[in-house]
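Participant:
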């Protein structure tokens, strides 16, 4: 047989989001030239940027949040002034609690649930805010979504539609990889939630096939990252603002830049380097609602908050050149051999195997070094490698991969992100909201745990029940794997007691779960 | 099969659903329901993100404390006075339940404690805390799982738990574990599930193991009131503890379990008597109370150990928070705890006494605390503790007399 279905499966599943159903012909096209099929996407110059009607810039969105927060505040004050008798006597804790919920990472889930809940669920909000409350009060009428929730859903929808429609999906997979590498968490607060999509569009996408150093700079200067890792609060202890306000450094962003974004743990930096980088990037912030430093919601360098003087970092002295001091430091860190090694390892682990083949890692590391972090060349080298085509498909699809691959196979372009967002929450991968700055896990074991598998099956059964009527599961198996499907999978799908059951089993088959 | 499955588990950080996760040993220890009627239970609570021990149990008798912790320092006076545990240490006011247990001598604090890890990466720190090895990078099994392997194995538990789709590292390893999540979703029917398990058995054995485990556990927890309620991280701490306690209270329920709570990485605006940390501590306090009430008469034989990967800087940073540090606290609660005391070889907070001039200096090895609990509850020998459970840890002797 001329066409190679197994290689097509590698092309579509290892590198992409899986074959699309309907008349796409993805599997046949991939089988005729597997490498070419994957690489074709890298050649398309416009494939990365995501522009959809209604998606706004970080600056516009920041201003929308500020306006929304002002509105809420005014409404609350108006309510207090007009109907004091009807408001329950405020306990001492309540205002503090509310502030926490909107601004702090402590409120990990609530913002997500509120943004993703159906209107009927939002009525439960008062209950959410009183964890100890015994019985829910009578439900108030459903509230319309606020600007933060609307934006989050619009961003999610645009991303899901792009992933569902992409031909192979390799560039979208690269976007997801880099977005998780440089993750923020929407659960940090209202700004993080409204900015999560814009952050990916503005700081990640333009550089996915560009230079690592450019992506690094774009990320660390993006208001969403500065907010997520507290750098907008960090002041040079000897800066004018630090002196006036008696506040100082916050090491959070500086540490994660080195530990998670570039060098990696054990990458050759010390506590002194962390502190030093923290000083170097003091003043990297975004303009607030008053707009004293610039247009509200835009990145600014605040010289008043910047620690004066030269700094030693990783054995090199950086002269006090203001914003340029930090940019020079980041450029050097991006070029550090530990960074090349860290990125190459993570890249191969994501696409090829939990235990990345050392020879391939070494080759990609050399490519990274030689090309000064050219990410298109890095991706091409991965596709050109033998290892990526020979290694068995043992990686487990993440919940996001699984849901997108299922939607593609069923040829359903999402019109509403709600079901995806809910299912991602259930499966432990809430969109743009990992539990920590290290992002979602990238091992098969993390996604193949007992509870996770059980929940996946429940979700697949729901999809089967809803959509099974109108499809021929054996056709779908042809689209998904053709003769690369195992006899057992084929038999299991054929012998199912209903189309609904057949679809659930197909979606849960190893051919759909592994990549 | 359990072994194969568990060896695959190499994620660096347990995946958390709603900020909390829970898992338990799938077997009863053989000596459960032994002649003396003692039926010991152990719950290990991991606080991920590094708890500020100096803000939870504050050394307000130390002359340097108030200056270092600045505006977020606790005090015995003011609108929200901390609760004096003795003449030197005071407990955060958000933890009245723990304070009550402490007064009843069923709770204790160990202060200036740390794992052997001395760097400041969360993820490596959590690996060391949970793996029980002296350094990072060993993520195949956790110390609690290796302790289970050393225990005589009785019947299989009939109900299981674990919130979050993965098992925390501390409980990963060869000894089989079970899990449960408080979620509500229309479920796949049994026939579909069995067909899929059958397919996996032929094509993908590790998925067969995982799915079969997931299905069993779900059965065990259904039929009671474990329905998912919407809630924030704090409500979920309570909810997870309530569900876990209910399952653990059963005669054939799990005896040894672990859970993890996220969100303790208080770099900015940590808050003092009220604020973000207070909010989280209130959740932890509520979770302990849920264990107490849910375990009912079994609370008598229970020890809950609360531990975190490292502490936070003694001096607050420039943003009214604290950065990654070293020494911190461990909490013990439960009817079996010989409580009512703060166990500390207090190093002092003078600059010269701080670890690297910035962190509370650890004077007690966390492994000694945990060894003391494992020995008191389950009678594990010094040798097993020093070689298997916490490899190469002979120098960290078990603390005697933690358990009554």
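Residue numbers (the UniProt record's numbering), protein chains in the order written: chain A, 1 to 515; chain B, 1 to 404.
For glycine and all other residues, C-beta sits at the position ideal for the given N, C-alpha and C.
My understanding is that residue 31 of chain A touches residue 5 of chain A, with C-beta atoms under 8 angstroms, so please give their C-beta distance in whole angstroms.
Facilitator: So it is a contact: roughly 6 angstroms between Cβ atoms.
Participant: Look up residue 324 of chain B in the DSSP assignment and give the residues it is bridged to.
Facilitator: DSSP lists B:312 as partners of residue 324 of chain B.
Participant: With the cut-off set at 7 angstroms, would you say residue 327 of chain B and residue 311 of chain B are in Cβ contact?
Facilitator: Yes, these two residues count as a Cβ contact at 7 angstroms.
Participant: Among all the DSSP beta bridges, which residues are the ones paired with residue 318 of chain A?
Facilitator: DSSP, once it has assigned bridges, lists A:311 as partnering residue 318 of chain A.
Participant: By Cβ distance, which residues of its chain are closer than 8 angstroms to residue 202 of chain A, with the 5 residues on each side in sequence left out?
Facilitator: The residues are 57, 58, 218, 222.
Participant: Quick check: the stretch 282–302 of chain B against the stretch 64–79 of chain B, are there 3 or more CB pairs under 8 angstroms?
Facilitator: Touching, no.
Participant: Could you give the distance in angstroms between the alpha-carbon of residue 359 of chain A and the alpha-carbon of residue 346 of chain A?
Facilitator: Roughly 14 angstroms separates the two Cα atoms.
Participant: Should residue 520 of chain A be flagged as near chain B, meaning a C-beta pair shorter than 7 angstroms?
Facilitator: The first residue shown for chain A is 1 and the last is 515, placing residue 520 of chain A beyond what the model contains.
Participant: List the residues that DSSP assigns as beta-bridge partners of residue 364 of chain B.
Facilitator: For residue 364 of chain B, which the question treats as bridged, DSSP gives the partners B:113.
Participant: If we ignore side chains and look at the alpha-carbon of each, how far apart do residue 287 of chain A and residue 433 of chain A end up?
Facilitator: So the alpha carbons of these two residues sit roughly 24 angstroms apart.
Participant: Give me whichever residues DSSP pairs with residue 330 of chain B in a beta bridge.
Facilitator: Its beta-bridge partners are B:110.
Participant: Note down, one range per segment and in chain order, each beta strand (DSSP E) of at least 3 residues found wholly within the stretch 355–412 of chain A.
Facilitator: Runs found: none.
Participant: Would you say residue 251 of chain A faces chain B, with C-beta separation under 7 angstroms as the test?
Facilitator: For residue 251 of chain A, the answer is yes, since a Cβ of chain B falls inside 7 angstroms of its Cβ.
Participant: What is the residue span of the beta strand (DSSP E) that residue 403 of chain B lies within?
Facilitator: Taken as a continuous stretch (DSSP letters only), residue 403 of chain B belongs to no beta strand (DSSP E), as it is neither H nor E.
Participant: Are the stretch 53–66 of chain B and the stretch 85–104 of chain B in contact at 8 angstroms, needing three or more beta carbon pairs?
Facilitator: Touching, yes, given that three or more Cβ pairs across the two stretches are closer than 8 angstroms.
Participant: Whose C-beta lies closer than 7 angstroms to the C-beta of residue 309 of chain A among residues of the same chain, with five residues either side of it excluded?
Facilitator: Within the same chain, residue 309 of chain A has close Cβ partners 320.
Participant: How many whole angstroms separate the CB atoms of residue 330 of chain A and residue 216 of chain A, which I take to be in contact at a CB cut-off of 8 angstroms?
Facilitator: That pair is a contact at about 6 angstroms.
Participant: Please report how far the alpha carbon of residue 53 of chain A lies from the alpha carbon of residue 74 of chain A, in whole angstroms.
Facilitator: Looking at the two C-alpha atoms, the distance is approximately 30 angstroms.
Participant: Return the chain-ordered list of same chain residues with a C-beta closer than 7 angstroms to the C-beta of residue 326 of chain A, the five sequence neighbours on each side being excluded.
Facilitator: Around residue 326 of chain A: 280, 281, 284.
Participant: Taking residue 119 of chain B as the reference, which of B:264, B:95, B:133, B:324 has the closest Cα?
Facilitator: Of the candidates B:264, B:95, B:133, B:324, the one whose C-alpha sits nearest the C-alpha of residue 119 of chain B is B:324.
Participant: Are any of the Cβ atoms in chain B nearer than 7 angstroms to that of residue 243 of chain A?
Facilitator: It does not; no Cβ of chain B falls within 7 angstroms.
Participant: Rounded to the nearest angstrom, what separates residue 499 of chain A and residue 213 of chain A at their Cα positions?
Facilitator: When rounded, the distance between both Cα atoms is 50 angstroms.
Participant: Return no unless some Cβ of chain A is closer than 7 angstroms to the Cβ of residue 115 of chain B.
Facilitator: It does not: the Cβ of residue 115 of chain B has no partner Cβ on chain A nearer than 7 angstroms.
Participant: Within 10 Å of its beta-carbon, does residue 131 of chain B have 16 or more other beta-carbons around it, so buried, or fewer, so exposed?
Facilitator: It counts as buried.
Participant: Would you kindly work out how many angstroms separate the C-alpha atoms of residue 105 of chain B and residue 341 of chain B, rounded to a whole number?
Facilitator: If you take the alpha carbons of residue 105 of chain B and residue 341 of chain B, they lie about 8 angstroms apart.
Participant: Less than 7 angstroms between the beta carbons of residue 160 of chain A and residue 414 of chain A, yes or no?
Facilitator: Yes, they are a contact pair.
Participant: Can you name the residues of chain A whose CB is closer than 8 angstroms to the CB of residue 207 of chain B?
Facilitator: 448, 453, 510, 513, listed in chain order.
Participant: Between residue 336 of chain B and the ligand GDP, is the CB less than 6 angstroms from at least one heavy atom?
Facilitator: Ligands are entirely absent from the displayed structure, and the ligand GDP is therefore not among its contents.
Participant: List the residues of chain B that residue 233 of chain A touches, going by C-beta distances under 7 angstroms, in chain order.
Facilitator: In chain order: 268, 319.
Participant: Please tell me whether residue 10 of chain A has its Cβ less than 7 angstroms away from any Cβ of chain B.
Facilitator: Chain B, which has no Cβ nearer than 7 angstroms to the Cβ of residue 10 of chain A, makes this no.
Participant: Quick one: give me the first and last residue of the alpha helix (DSSP H) that residue 72 of chain B is part of.
Facilitator: From DSSP, residue 72 of chain B is part of no alpha helix (DSSP H); its letter is neither H nor E.
Participant: Per DSSP, what kind of secondary structure is residue 197 of chain B in: helix, strand or coil?
Facilitator: Residue state, collapsed to three classes: helix.
Participant: Skipping 5 residues on each side, what residues in its chain have a beta carbon closer than 6 angstroms to that of residue 186 of chain A?
Facilitator: Excluding positions up to five away in sequence, the list reads 192, 193, 196, 432, 433.
Participant: Could you pull out every residue in the same chain whose Cβ sits closer than 7 angstroms to the Cβ of residue 344 of chain A, ignoring the five residues on either side in sequence?
Facilitator: Taken in chain order, the residues that qualify are 361, 364, 365, 368.
Participant: Since residue 492 of chain A meets chain B, which of its residues come closer than 7 angstroms, beta carbon to beta carbon?
Facilitator: Simply 195, 199.
Participant: Which of the residues in the stretch 102–131 of chain B, read from start to end, lie with their CB under 9 angstroms from any CB of chain A?
Facilitator: Going along the stretch 102–131 of chain B in chain order, one finds 119, 120, 121, 122, 123, 124 with a Cβ nearer than 9 angstroms to chain A.
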